[in-house]
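**Student:** My numbering puts the first residue of the sequence shown at 20, with every later residue one more than the last. Yeah, the Cβ is synthetic: ideal placement off N, Cα and C, and Gly gets one too. This one's a predicted model, so the numbers in the text were calculated from it and none came from an experiment. Would you mind keeping the following structure in view while I ask a few things?
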Amino acid sequence: MSFEQLKKQIMKLYTNYMGLKLNSPIVVSACTLSEKTENIVMMEDNGAGAVVLFSLFEEQIKKEEARFKSTMSATTNAFAEAQDFFPDLDDYNVGTDEYLENIRKAKERVKIPIIGSLNGITNEGWIDYSRMMEQAGADGIEVNIFFIPGDVNLSSSHVEHRYINIIEAIKSNVKIPVAVKLNPYFSAMGNMAQRMQQAGADALVLFNRFYQPDFDINQLIIKTDLHYSESNEIRLPLLWIALLYNKIKLSLAATTGVQSAVEVIKYILAGADVVMTASSLYKNGIPYLKTMNKELQDWMFMMGFDEINSFKGTMSQQNISDPTAYERANYIKILEGVK
Ligand SMILES: Cc1cc2nc3c(=O)[nH]c(=O)nc-3n(C[C@H](O)[C@H](O)[C@H](O)COP(=O)(O)O)c2cc1C
């Protein structure tokens, strides 16, 4: 047996994510790479612990429903009217039937857990798709509540209720575990996490990366180009994972900023059960998962950790010797250091 094989055998990467047993904490984040079953097979071959599929959007589901109703009733023009309300998702994504078929195909080809992703902000019909995903064989559901409360009349409690209502509705639909991918902009993130747990969420995915607009100052238009993430973007999710670790019972998944095993390790030290990655795979290709797994194992070997649990959460607020490092005192210390 070679040294590499021996290392692989000793350094165990398995982890538990919302009741699912994973062979690696490195999980493919929801993104278009999972539109192709061949890619999902490649992700498994290169050591992905699980794959979160690209999202099925509320707007897309409603658009299809409107089209269906309009076809059924020749006298109404419901679809033409509805068309105006929905952004054009046709180019981005597959249809709802095809989405469910993608789950079935992936389940036939790979053994790793396949997590379906729903993306929406209201508490209406689209949520029924969680059950269809479960029936198609999904091992879990990730619901991405990508909501920007720009309406000045909308109170924080209204926004919070939206999250809770969606979680309760999905949980009443399915038996498989449900993760909630959310944004960091809550006044009381810790309390909100606890309430999402009470509503039935099995995991939190911290955090959604908002694609914030930029301006083109010559053409005076809003730019909506996509930028892949950078490693310094891990800091906000890292902070909250470190603060929440062991204070709530939910599984914690980290997303945003993973470029190499270094960020994977940092997130696990903070307390993440799994670490998700998308940008790194667009930049380096799907086989990069293998490199990250190997580098994670190399580091564990060097540090003398033989499994993920031996270092998970060791740098969380609860476990470090100076818990104020995560709080205001440290902020003042940093400012004092600036000359
Ligand atoms: C091309 C692309 C497509 C994405 N599509 C989705 C999606 O359908 N649903 C979703 O929840 N997140 C989606 N994301 C966000 C990723 O899942 C992830 O949360 C985000 O990119 C931050 O992780 P990263 O730093 O590893 O890229 C997408 C990201 C990229 C780059």
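When you compare the stretch 246 to 266 with the stretch 218 to 230, are there three or more beta-carbon pairs, one atom per stretch, that lie closer than 8 angstroms?
**Tutor:** Yes: the two stretches touch, three or more of their Cβ pairs being nearer than 8 angstroms.
**Student:** If you run the structure through DSSP and keep just helix, strand and coil, what is F73?
**Tutor:** Here F73 sits in strand by DSSP.
**Student:** Quick check on the DSSP output: the alpha helix (DSSP H) that includes S175 runs from which residue to which?
**Tutor:** Counting along the chain, the alpha helix (DSSP H) containing S175 begins and ends at 175 to 192.
**Student:** How far does the alpha helix (DSSP H) with N121 in it reach, from first residue to last?
**Tutor:** Note, N121: alpha helix (DSSP H), 115 to 128.
**Student:** Can you tell me whether Y36 is helix, strand or coil according to DSSP?
**Tutor:** Residue state, collapsed to three classes: strand.
**Student:** Which residues bound the alpha helix (DSSP H) around T56?
**Tutor:** Unbroken alpha helix (DSSP H) run through T56: 56 to 64.
**Student:** Within 10 angstroms of the Cβ of D221, are there 16 or more other Cβ atoms? Answer buried if so, exposed if not.
**Tutor:** It counts as buried.
**Student:** Report the option in K194, I186, P306, D158 whose CA atom is closest to the CA atom of K40.
**Tutor:** Checked all of K194, I186, P306, D158; the closest Cα to K40 is D158.
**Student:** Checking 8 angstroms against the spacing of the C-beta atoms, do G66 and N303 come in under that value?
**Tutor:** Not a contact, by the Cβ cut-off of 8 angstroms.
**Student:** Excluding the five sequence neighbours on either side, which residues of its own chain have a C-beta within less than 6 angstroms of the C-beta of G114, listed in chain order?
**Tutor:** Same-chain partners within the cutoff: there are none.
**Student:** Which residues mark the beginning and the end of the beta strand (DSSP E) in which D233 is found?
**Tutor:** It spans 233 to 235 - the beta strand (DSSP E) in which D233 sits, taken as one unbroken run.
**Student:** Return helix, strand or coil for E252, following the three-state DSSP convention.
**Tutor:** In this structure, E252 counts as helix in the three-state DSSP scheme.
**Student:** Note down, in chain order, each residue of its chain lying with its Cβ closer than 7 angstroms to the Cβ of Q213, except the 5 sequence neighbours on either side.
**Tutor:** So the qualifying residues of the chain are I267.
**Student:** Return the first residue and the last residue of the beta strand (DSSP E) that E161 is part of.
**Tutor:** Counting along the chain, the beta strand (DSSP E) containing E161 begins and ends at 159 to 163.
**Student:** When DSSP labels each residue in this structure, what does A67 get in the three-state scheme?
**Tutor:** Coil, per DSSP.
**Student:** Buried or exposed, going by whether 16 or more other CB atoms sit within 10 Å of the CB of M322?
**Tutor:** With fewer than 16 other Cβ atoms within 10 Å, it is exposed.
**Student:** For V357, name the three-state secondary structure that DSSP assigns.
**Tutor:** Residue state, collapsed to three classes: coil.
**Student:** Please report how far the alpha carbon of F76 lies from the alpha carbon of K26, in whole angstroms.
**Tutor:** Rounded to the nearest angstrom, the two C-alpha atoms are 42 angstroms apart.
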